[in-house]
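What follows is a single structure, written as structure tokens, with notes after it.
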Amino acid sequence: MDKISIISNAEASTSPVSPNNKLNLAIGLVLGVLVGIGIAFLLELLDRTVKDNKFVTETLGFTILGTVPQMSAKEINATIQKKPVTPMIKKNTSDKAPESRRSRTRV
Numbered sequence: 006m007d008k009i010s011i012i013s014n015a016e017a018s019t020s021p022v023s024p025n026n027k028l029n030l031a032i033g034l035v036l037g038v039l040v041g042i043g044i045a046f047l048l049e050l051l052d053r054t055v056k057d058n059k060f061v062t063e064t065l066g067f068t069i070l071g072t073v074p075q076m077s078a079k080e081i082n083a084t085i086q087k088k089p090v091t092p093m094i095k096k097n098t099s100d101k102a103p104e105s106r107r108s109r110t111r112v
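Numbers 6 to 112, taken from our numbering, label the letters of the sequence shown in order.
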């Protein structure tokens, strides 16, 4: 331990070495966009709904017998007949007690 020599004095760095916030943000943004696009393509590939009459006639070879048009909320509300709400328990309008209460006696 006799031959130790100091080459230079230690100096503290003014900027942090890690984490690099700008680089992490850029990587997260790029990965988020790529994952979002990948999920969108995957959902489009797995979508099995019929969106066009031509698909049914040309691709599947079926004949279209009829179509169901889309209805607006106003049209849907106009076609629903609303029933009046009826009470489940009828109120006793007479001042007398009900027959079942008057006729109960214990012996």
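Where a beta carbon is used, it is the ideal one built from N, C-alpha and C, also for glycine.
Pairing F67 with V73 gives a Cβ-Cβ distance that is not under 9 Å. In the three-state reduction of the DSSP assignment, N14 falls in the coil class.
Per DSSP, reduced to three states, the secondary structure at V40 is helical. The shortest C-alpha to C-alpha distance from N58 to any of V90, A78 and L70 is the one to L70. The alpha-carbon separation between E80 and E49 amounts to approximately 31 Å. If only complete runs of 4 or more residues are kept, the region 57-91 shows the alpha helix (DSSP H) at 78-84, in order along the chain. In the three-state DSSP reduction, V35 falls in the helix class (H, G or I).
In the three-state reduction of the DSSP assignment, N25 falls in the coil class, being assigned neither a helical nor a strand state.
Inter-residue distance for V55 and G33 is about 36 Å (C-alpha atoms, whole angstroms).
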